[in-house]
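Undergrad: Under the numbering used here, think of the first position of the sequence shown as 1, with each following residue one higher.
Ideal placement from N, C-alpha and C gives every residue a C-beta, glycine not left out.
A quick note: this is a predicted structure, and the numbers were derived from the prediction, not measured.
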Amino acid sequence: MSSQIHDVIIIGGSFAGLSAAMGLGRALRNVLIIDNQLPCNRQTPHSHNFLTQDGEPPLRILEKARQQVLSYSTIEWKIGTAVQAHKSEAGFEVVLQSGESYGAKKLLFATGIKDNLETFKGLSSCWGISVIHCPYCHGFEVKNTLTAVIGNGDEGFEYVKMISNWSKDLTLCTNGPSTLSQEQRLKLAKNGINVVESEINEFLHQDGHIEHLLFKNQEKLPVKAVYHRPSFEQHTDLPAQLGCELTPQGYIQVNEMQQTSQPGILAAGDNTSPFRSVANAVAKGSMAAAVLNRELIEESF
Numbered sequence: 001m002s003s004q005i006h007d008v009i010i011i012g013g014s015f016a017g018l019s020a021a022m023g024l025g026r027a028l029r030n031v032l033i034i035d036n037q038l039p040c041n042r043q044t045p046h047s048h049n050f051l052t053q054d055g056e057p058p059l060r061i062l063e064k065a066r067q068q069v070l071s072y073s074t075i076e077w078k079i080g081t082a083v084q085a086h087k088s089e090a091g092f093e094v095v096l097q098s099g100e101s102y103g104a105k106k107l108l109f110a111t112g113i114k115d116n117l118e119t120f121k122g123l124s125s126c127w128g129i130s131v132i133h134c135p136y137c138h139g140f141e142v143k144n145t146l147t148a149v150i151g152n153g154d155e156g157f158e159y160v161k162m163i164s165n166w167s168k169d170l171t172l173c174t175n176g177p178s179t180l181s182q183e184q185r186l187k188l189a190k191n192g193i194n195v196v197e198s199e200i201n202e203f204l205h206q207d208g209h210i211e212h213l214l215f216k217n218q219e220k221l222p223v224k225a226v227y228h229r230p231s232f233e234q235h236t237d238l239p240a241q242l243g244c245e246l247t248p249q250g251y252i253q254v255n256e257m258q259q260t261s262q263p264g265i266l267a268a269g270d271n272t273s274p275f276r277s278v279a280n281a282v283a284k285g286s287m288a289a290a291v292l293n294r295e296l297i298e299e300s301f
């Protein structure tokens, strides 16, 4: 184990993690960022709704952010995957896949979530390019195009209703028998939204740009964009190992200060919230930095 005990170890070096690291570096804290270089938006060509960076590739923003963060001399960067974590006399010990271990007084999980992209053939190739989950992030770019929304029941109804703000040429694909109410069906019909109950087999695309949904009955639906909220899991089970509670939806449970149910452990970013955006991740990371620094001051003063 490294002899140095850091003030904070941040697991995850994407937007939430880097934002927290900058705040902590400016608070003169010794920080170690552990990152496996697999951000969830690595395939997304452009980021939006983030002031001064609208339309920039997320990886380009990340690279610039990383350079700025590492200009603070108290911040270290380690490429690796954390596979174990437990409480120690100093606070916490984190073990990497390589066998290296590091200690810290506090932990911040900025590890994001892992989307299940194996549900349909072709989905992973289109994800973040022409198959998207958030209209606020990418809806403007695919406005008024042939659009499908995958969903069913109350959730699917509310999803397609929201997307109708960006496109009127909409099809709701329930991927099996509809569980929509009669009232919901009538409202969809009133707004010109078709409902297809056939099961989806494949996303037919060219270099990630979807052209058709292929159903199991071999029928095709021409589309230029698809909205889909895949199931997900936490990228790491380390918070659970440490006793952090999860919400019923599977997010790490945090309060308004980004504190988990375990003292000394905070979480920020996509692993805590369904509101997945660069701007939100940066904001929550900044909040976590202030709270971590405050905790350290209170414990030492």
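Rounded C-beta distance between Ser130 and Gly55? I'm assuming under 8 angstroms.
TA: Start at 1 with the first residue of the sequence shown, and residue 130 comes out as number 130. Start at 1 with the first residue of the sequence shown, and residue 55 comes out as number 55. That belief does not hold up - the Cβ atoms of Ser130 and Gly55 are roughly 17 angstroms apart, past 8 angstroms.
Undergrad: Pull the bridge partners of Lys78 from the DSSP assignment, please.
TA: Here residue 78 refers to the residue found at position 78 when the sequence shown is read from its first residue. DSSP output for Lys78 lists Ile34 as bridge partner(s).
Undergrad: For a test of the three-state rule: what should DSSP assign to His235, helix, strand or coil?
TA: In the sequence shown, counting from the first residue as 1, residue 235 sits at position 235. DSSP places His235 in coil when its eight states are reduced to three.
Undergrad: In this structure, does DSSP put Lys87 in helix, strand or coil?
TA: Position 87 of the sequence shown, counted from the first residue, corresponds to residue 87. In this structure, Lys87 counts as strand in the three-state DSSP scheme.
Undergrad: When you compare only the Cα positions, how much space is there between Glu359 and Asp154?
TA: The displayed coordinates of the chain run from 1 to 301. Any statement about residue 359 would go beyond what the structure contains.
Undergrad: Starting from the C-beta of Leu214, find all residues in its chain whose C-beta is less than 6 angstroms away, skip the five residues before and the five after it, and write them out in chain order.
TA: The sequence position of residue 214 within the sequence shown is 214, counting from 1. The residues are Asn201, Glu202, Leu204, Lys220.
Undergrad: Among residues of its own chain, excluding the 5 on either side of Gln68, which ones have a beta-carbon nearer than 8 angstroms to its beta-carbon?
TA: Taking the first residue of the sequence shown as position 1, residue 68 is located at position 68. So the qualifying residues of the chain are Met22.
Undergrad: Between Ile10 and Ile33, how many whole angstroms is the CB-CB distance? I'm expecting something under 8 angstroms.
TA: For this step, residue 10 is matched to residue 10 along the sequence shown. For this step, residue 33 is matched to residue 33 along the sequence shown. Confirmed, about 5 angstroms.
Undergrad: I believe Asn328 touches Ser164 by the beta-carbon criterion, under 8 angstroms. Please report the beta-carbon distance rounded to the nearest angstrom.
TA: Because the chain spans 1 through 301 in this model, residue 328 falls outside it and cannot be assessed.
Undergrad: What's the gap between the Cα of Asp115 and the Cα of Ala267?
TA: Locating residue 115 in the sequence shown gives position 115, where the first residue counts as 1. Locating residue 267 in the sequence shown gives position 267, where the first residue counts as 1. Computed Cα separation, rounded: 18 angstroms.
Undergrad: In angstroms, rounded to a whole number, what distance separates the CA positions of Asp237 and Ser178?
TA: Counted from its first residue, the sequence shown places residue 237 at position 237. Counted from its first residue, the sequence shown places residue 178 at position 178. Those two C-alpha atoms are separated by around 34 angstroms.
Undergrad: If I measure Cβ to Cβ from Glu197 and keep anything under 7 angstroms in the same chain, skipping five residues before and after, which residues do I get?
TA: One-based indexing of the sequence shown puts residue 197 at position 197. So the qualifying residues of the chain are Thr174, Gly176, Pro177, Ser178.
Undergrad: Please go through the same chain and pick out, in chain order, the residues whose beta-carbon is closer than 6 angstroms to the beta-carbon of Val254, but skip the five residues on each side of it.
TA: Locating residue 254 in the sequence shown gives position 254, counting from the first residue. Same-chain partners within the cutoff: Thr260, Ala267, Thr272.
Undergrad: With Asp115 as the anchor, note down where its beta strand (DSSP E) starts and where it stops.
TA: Position 115 of the sequence shown, counted from the first residue, corresponds to residue 115. Note, Asp115: beta strand (DSSP E), 113-115.
Undergrad: Smallest Cα separation from Ala283: which of Met162, Ala110, Ser125?
TA: One-based indexing of the sequence shown puts residue 283 at position 283. The shortest C-alpha separation from Ala283 is found at Ala110.
Undergrad: Considering only the alpha carbon of each residue, which of Gln258, Leu170, Leu292, Arg42 lies closest to Glu63?
TA: Position 63 of the sequence shown, counting from 1, holds the residue named residue 63. Here the closest residue by C-alpha is Arg42.
Undergrad: What residue range does the alpha helix (DSSP H) around Gly156 cover?
TA: Stepping through the sequence shown from its first residue, residue 156 is reached at position 156. Element bounds for Gly156: 153-163.
Undergrad: Name the residue from Glu295, Val226, Ile297, Ala289 whose alpha carbon lies nearest to the alpha carbon of Leu24.
TA: Position 24 of the sequence shown, counted from the start, is the residue given in the question as residue 24. Minimum Cα distance to Leu24 is reached at Ala289.
Undergrad: May I have the straight-line CA-CA distance separating Gln97 from Tyr227, to the nearest angstrom?
TA: Looking up residue 97 in the sequence shown gives position 97. Looking up residue 227 in the sequence shown gives position 227. Spanning the two alpha carbons is a distance of roughly 35 angstroms.
Undergrad: Strictly by DSSP, which residues pair up with Thr147?
TA: Here residue 147 refers to the residue found at position 147 when the sequence shown is read from its first residue. According to DSSP, which records beta bridges pairwise, Thr147 is partnered with Leu170, Ala225.
Undergrad: Kindly list the residues whose CB is nearer than 6 angstroms to the CB of Tyr251, restricted to its own chain and excluding five residues on each side of it in sequence; keep chain order.
TA: For the purposes of this step, residue 251 is identified with residue 251 of the sequence shown, where counting begins at 1. Closer than 6 angstroms at the Cβ level, and outside the excluded window around Tyr251, lie Thr272.
Undergrad: What separation, rounded to the nearest whole angstrom, lies between the Cα atoms of Gly243 and Ala279?
TA: What you label residue 243 is simply residue 243 of the sequence shown in a count that begins at 1. What you label residue 279 is simply residue 279 of the sequence shown in a count that begins at 1. For Gly243 and Ala279, the distance between alpha carbons rounds to 28 angstroms.
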